[in-house]
Amino acid sequence: MPPTSSTSVPELRSGQATLTFSQAEDGLYRAIYAVSNQPVFVTTSFCGGAFEFLIENARPDELNGPVLHFAGRWQTAGQNGPWQGQARACHDLPGWFKLKAVFEVSEPLALEKAGQAPALALRLAEPRRAEQTVRVSQPTEHNPPVPWLRSNDLPAAYLWDEPSGTETVVFPDLEECNWFQRKGLNRLADYRCGLAEDGQTFGFLLRPDSTERPTVIPAGSYSLNFRVFVGPKAARPDEWHAVRTLVKRCADWLPGGPVIPPPNGTSWLDFEKQGRDELMRQGLCWLEDGVRGYVAYVQEPSQLARNGGPLDERIEAMASLDVLPPWLAMLRLQPNPAQEEHLLKVADSLSHHYSPEHRLFVNQVDLHTGQPLVRHPNTQVGAAYGDSWYFFEPLLRLGWCAHLTPPGATADKLRAIFLASCQRATEFIRQHNYRPAAFYNPLTLAPFNQPIPEDAEDITIEFWTGTAPSGSKPWLDWLNTSQNWACLGLYAYIMLQAHSLSGEEAYREEAGKALDALAGCPPDSLFWEPFELSYAVAAAALTGRFAQAADLAANLLRMGYWHDETNLPGPARPRRGLFQAWVGIRYPAQKENGETLLPLLPWLHRVTALNSPSNVQPSDQSNDQAIIKTVLKFFNLARSSALAHYSPLLDKAEIYPGRETTTTPHIPFEDLEMFEWCPAMHISRFQRMPEQGQASGALGREIYGAGETTWFALLFEALAETSDPTVMVLNLDLFEWDAMNDFPGHPAQNFVLYNPGEAVNIAVKFKALQPDARYRLHYGDQDRIIAPDKTGFFILRNIELAKDAWLRLEILRQGETFK
Numbered sequence: 096m097p098p099t100s101s102t103s104v105p106e107l108r109s110g111q112a113t114l115t116f117s118q119a120e121d122g123l124y125r126a127i128y129a130v131s132n133q134p135v136f137v138t139t140s141f142c143g144g145a146f147e148f149l150i151e152n153a154r155p156d157e158l159n160g161p162v163l164h165f166a167g168r169w170q171t172a173g174q175n176g177p178w179q180g181q182a183r184a185c186h187d188l189p190g191w192f193k194l195k196a197v198f199e200v201s202e203p204l205a206l207e208k209a210g211q212a213p214a215l216a217l218r219l220a221e222p223r224r225a226e227q228t229v230r231v232s233q234p235t236e237h238n239p240p241v242p243w244l245r246s247n248d249l250p251a252a253y254l255w256d257e258p259s260g261t262e263t264v265v266f267p268d269l270e271e272c273n274w275f276q277r278k279g280l281n282r283l284a285d286y287r288c289g290l291a292e293d294g295q296t297f298g299f300l301l302r303p304d305s306t307e308r309p310t311v312i313p314a315g316s317y318s319l320n321f322r323v324f325v326g327p328k329a330a331r332p333d334e335w336h337a338v339r340t341l342v343k344r345c346a347d348w349l350p351g352g353p354v355i356p357p358p359n360g361t362s363w364l365d366f367e368k369q370g371r372d373e374l375m376r377q378g379l380c381w382l383e384d385g386v387r388g389y390v391a392y393v394q395e396p397s398q399l400a401r402n403g404g405p406l407d408e409r410i411e412a413m414a415s416l417d418v419l420p421p422w423l424a425m426l427r428l429q430p431n432p433a434q435e436e437h438l439l440k441v442a443d444s445l446s447h448h449y450s451p452e453h454r455l456f457v458n459q460v461d462l463h464t465g466q467p468l469v470r471h472p473n474t475q476v477g478a479a480y481g482d483s484w485y486f487f488e489p490l491l492r493l494g495w496c497a498h499l500t501p502p503g504a505t506a507d508k509l510r511a512i513f514l515a516s517c518q519r520a521t522e523f524i525r526q527h528n529y530r531p532a533a534f535y536n537p538l539t540l541a542p543f544n545q546p547i548p549e550d551a552e553d554i555t556i557e558f559w560t561g562t563a564p565s566g567s568k569p570w571l572d573w574l575n576t577s578q579n580w581a582c583l584g585l586y587a588y589i590m591l592q593a594h595s596l597s598g599e600e601a602y603r604e605e606a607g608k609a610l611d612a613l614a615g616c617p618p619d620s621l622f623w624e625p626f627e628l629s630y631a632v633a634a635a636a637l638t639g640r641f642a643q644a645a646d647l648a649a650n651l652l653r654m655g656y657w658h659d660e661t662n663l664p665g666p667a668r669p670r671r672g673l674f675q676a677w678v679g680i681r682y683p684a685q686k687e688n689g690e691t692l693l694p695l696l697p698w699l700h701r702v703t704a705l706n707s708p709s710n711v712q713p714s715d716q717s718n719d720q721a722i723i724k725t726v727l728k729f730f731n732l733a734r735s736s737a738l739a740h741y742s743p744l745l746d747k748a749e750i751y752p753g754r755e756t757t758t759t760p761h762i763p764f765e766d767l768e769m770f771e772w773c774p775a776m777h778i779s780r781f782q783r784m785p786e787q788g789q790a791s792g793a794l795g796r797e798i799y800g801a802g803e804t805t806w807f808a809l810l811f812e813a814l815a816e817t818s819d820p821t822v823m824v825l826n827l828d829l830f831e832w833d834a835m836n837d838f839p840g841h842p843a844q845n846f847v848l849y850n851p852g853e854a855v856n857i858a859v860k861f862k863a864l865q866p867d868a869r870y871r872l873h874y875g876d877q878d879r880i881i882a883p884d885k886t887g888f889f890i891l892r893n894i895e896l897a898k899d900a901w902l903r904l905e906i907l908r909q910g911e912t913f914k
């Protein structure tokens, strides 16, 4: 127990929480977090841990309100130095406190154990048993967790504590924490957010397997910044409620607009048009012999060097299916006969990806023979295996391609293949008992289960490696045991596509079974590719399960990047609003950015129509306004940050050497460098290691992410634009199955405006209405008849938007039923 307090400085109060620094008999101050005058956490220094920030002096700020200033000495492992800091009560965000420390290291600080390094450690009065708490921790992990695959997503944790009847959130500000090193004490590979194994220490802590190794903190001046929320919570929350609370609390600190905006005049429509022209280049992007289709990456010289020389002659369904649906939609707005002729030939070649013998739609075919590669030759480790999400996602995209391909023999063929493949998808899920394994036998579809040879090497995998030799025991054990239950989201959405194409009710019933199975999965068990959760959100919304949709959306946001990249050499880099491409991979990819956001549209379409912020009751968990607004923030942030995947907006110094020169600058790089560098996820054996800060684009320009350029143009610019480019106008109709039949002439057009900044008065130009038609326009309490001009344009003026507010706009062609 800490020494008895003798004097105190004025307390900080935020909401129902107080933060008091009490001076003990030894002259040092202790920090006490309390709710309703009951202590919850007591730390013997500013932020606890073995690296102690001893408080020798504490004084209130006489000029700037609820702020306390501190000074003292830090000490760890027999060494010490000066520090100073402050604590602030956030009256505009009740329950939150913001704390900052700046410390000086005069000479390199050599630590025998990394556990002696700085951390944020709040201490409960007594250790807690597992049943006394509900926790949400960072990072998102595989199911079961794999120690060498460490994520770098939302750095925050939630704790509900039964004995004190409180809930707490810790949220480090990574952009203001800088004592980390790439190859030393790593930011989110050595640290995690949560409750320690002792059941008492909560915060931003060293991982148990990182605490014992030595580390060195170079000489310099460093900062540590974090936010803490503490409030009352008597009733025990379930895990899903805890996830919602964590996301909603952290969203208090998430800006709605970019901190690092793109250059003025940057346009998704411009990038999209140039990108389509680049995708027409045969030999670089698409190949033709026995089959016509797209390869995974642009086959430019730097890509051939990465591959060791040969041209990649495997035609990827994922690449063709990524570009086809949005491109076909865009051609309805901007007709181009040559492009349409090419796309129809690519669409017709998709039939080669179907194996009648196996009743499977597979990702790759041989360029020359046109034969589907059911047993992928490059993924064989002993017995061949398949990655479960790669079974479902090409099928899902095939459903959209069949729907948007112009009527005719090709469309009919694709629909038939899709429906036949759906039968196998159901066999797959049932064989896995609605708990899909991450890997499967590509012939039987059974969960992968390869006997591990007795002579398999049992190695210890360092997290920097990120992967293991393919014949090792840890690798084979991972293949045998990994689960990807989020595949149920893809499967549920596929079943709804099949219902729409066939009219058979059994498909919709099967989607319900998949969603029921998802509801029985703990939130932490559902991480693999982020868009799997997005399609689960879509399926839940399309079947009227709005509470489940909001739960899944909140869980998905944990895989997002809530910070920009400021810890690499050179200028700060936009990352906020993007998504970790795969749990443990530690970088965003444009394919996942787009495909994670797009399936959220059916949910937003429905919940923004059913409710406005003014008429939703606080107890309505089905249409959670805080989650809705956070998702809108991510759309708006990605509208800006995702442009960093394209060469024209990157500094040449941050691009992987050799990737700067290209004839396809508007096809996105797959990988953007993050501080949590994992070489095995970026660099092939034919590439050299880059300098820190020069790794973006090492994997190549991904054609299977190029369709997202067109999707983003359709989302943010093609049908409407605002007079103030900082205000987002979001097209809600892109994933509406029936509306896309008639796109862009569908009778109802639906948008959401989101204003991330101060209150504004703006105009919106609608750009794809039918000339000389009459439309009914509804927004807020306004309901009026409008008439576009002969070009199909109409400008709506004087729209008032409050700070950080959204507004739903609905336009219905006159003569239709207004809803």
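Note that the numbering used here numbers the sequence shown so that position 189 is 284, with each residue one more than the last.
Heads up, the beta-carbon is just placed ideally off N, CA and C, and yes, glycines get one too.
Since the structure is predicted, the reported quantities are computational estimates derived from the model, not experimental observations.
Query raised in the report: What are the boundary residues of the alpha helix (DSSP H) that includes residue 193?
Result: No alpha helix (DSSP H) contains residue 193, which is instead part of the beta strand (DSSP E) from 191 to 200.
Query - Own chain partners of residue 665 with C-beta closer than 7 Å, once the 5 adjacent residues on each side are dropped - result: 746, 748, 749 and 788
Query - Backbone secondary structure at residue 810 - three-state DSSP - result: helix
Report task. Hey, could you find the ends of the alpha helix (DSSP H) residue 426 is sitting in? Result -> 412 to 428
Query - DSSP-derived helix/strand/coil call for residue 711 - result: Any reading at residue 711 needs caution, since the residue's pLDDT is 41, under 50, leaving its predicted position unreliable; the model's value is listed next. Here residue 711 sits in coil by DSSP.
Report task. Could you check the C-alpha separation between residue 142 and residue 847 for me, to the nearest Å? Result -> Taking C-alpha positions only, residue 142 is separated from residue 847 by approximately 42 Å.
Query - Under the three-state DSSP convention, the category residue 805 falls into - result: helix
Query raised in the report: Of the choices 900, 235 and 753, whose alpha-carbon is the least far from that of residue 654?
Result: 235
Query raised in the report: Excluding sequence positions up to five away, which residues of its chain have a Cβ less than 7 Å from the Cβ of residue 640?
Result: Excluding sequence positions up to five before and after residue 640, its CB lies within less than 7 Å of the CB of 610, all in the same chain and listed in chain order.
Query raised in the report: What do you get for residue 193, buried or exposed, if any count of 16 or more other CB atoms within 10 angstroms of its CB means buried?
Result: buried
**Report entry** Inter-residue spacing [alpha-carbon to alpha-carbon] between residue 207 and residue 309
**Finding:** 4 Å
**Report entry** Cα-Cα separation, residue 780 to residue 277
**Finding:** 21 Å
**Report entry** Backbone CA spacing between residue 198 and residue 424 [nearest angstrom]
**Finding:** About 56 Å.
Query - CB contact flag (residue 697, residue 633, <8 Å) - result: yes
Report task. Count the CB pairs spanning the region 294 to 301 and the region 214 to 228 that are closer than 8 Å, and state whether there are at least three. Result -> yes
Query raised in the report: Do residue 662 and residue 908 come within 8 Å of each other at the CB atom, strictly closer than that value?
Result: Contact: no.
Query - Rounded separation between residue 169 and residue 318 - CA only - result: Cα-Cα distance, rounded: 13 Å.
Report task. Indicate the three-state DSSP secondary structure (helix, strand or coil) for residue 390 in the structure shown. Result -> Looking at residue 390 - three-state DSSP - the assignment turns out to be coil, as it is neither helix nor strand.
Query raised in the report: Going by DSSP, what residues sit across from residue 874 in a beta bridge?
Result: Note: residue 874 sits in a beta bridge opposite 877 and 904.
Query raised in the report: Which one of 250, 204 and 284 has the shortest CA to CA distance from residue 679?
Result: 284
Query raised in the report: If you count every other CB in all the chains shown that lies within 10 Å of the CB of residue 472, and 16 or more means buried, which is it?
Result: A caution first: residue 472 carries a pLDDT of 48, below 50, which makes its placement in the model too unreliable to give a value.
Query raised in the report: What first and last residue would you give for the beta strand (DSSP E) that runs through residue 256?
Result: 252 to 256
**Report entry** Three-state secondary structure assigned by DSSP to residue 115
**Finding:** strand
Query raised in the report: On the three-state DSSP scale, how would you describe residue 171?
Result: The answer is strand: DSSP assigns residue 171 an E or B state.
Report task. Give me whichever residues DSSP pairs with residue 298 in a beta bridge. Result -> Beta-bridge pairing links residue 298 to 216 and 289.
Requested in this report: Assuming residue 496 contacts residue 514 (C-beta within less than 8 Å), just tell me the rounded distance between them.
Outcome: Going by Cβ atoms, the distance from residue 496 to residue 514 rounds to 13 Å, so no, they are not a contact pair.
Requested in this report: Counting only the same chain and skipping the five closest in sequence on each side, list residues whose C-beta sits under 6 Å from that of residue 646.
Outcome: Around residue 646: 335.
Query raised in the report: Comparing alpha-carbon positions, which option in 893, 842, 673 and 899 lies nearest residue 852?
Result: Closest by C-alpha distance to residue 852, out of 893, 842, 673 and 899, is 899.
Query raised in the report: Which runs of the alpha helix (DSSP H) spanning at least 4 residues fall entirely within the region 336 to 404, listed in chain order?
Result: 363 to 374 and 396 to 401
Query raised in the report: In angstroms, rounded to a whole number, what distance separates the CA positions of residue 243 and residue 569?
Result: So the alpha carbons of these two residues sit roughly 10 Å apart.
Report task. Could you confirm whether any beta carbon from chain C is found closer than 8 Å to the beta carbon of residue 146? Result -> No chain C appears in this structure, which consists of one protein chain only.
Query raised in the report: Would you call the CB atoms of residue 901 and residue 686 closer than 8 Å?
Result: no
Requested in this report: Verify the contact flag: residue 186, CB atom, against every heavy atom of the ligand NAD, threshold strictly below 7 Å.
Outcome: Ligands displayed in this structure: none; no statement on the ligand NAD is therefore possible.
Query - Status (buried if at least 16 other CB within 10 Å, exposed otherwise) for residue 769 - result: buried
Query - Pair within 8 Å by beta-carbon distance, residue 535 and residue 486 - result: Taking 8 Å as the cut-off, the Cβ atoms of residue 535 and residue 486 count as close.
Report task. May I have the straight-line CA-CA distance separating residue 592 from residue 699, to the nearest angstrom? Result -> The straight-line gap from Cα to Cα measures roughly 19 Å.
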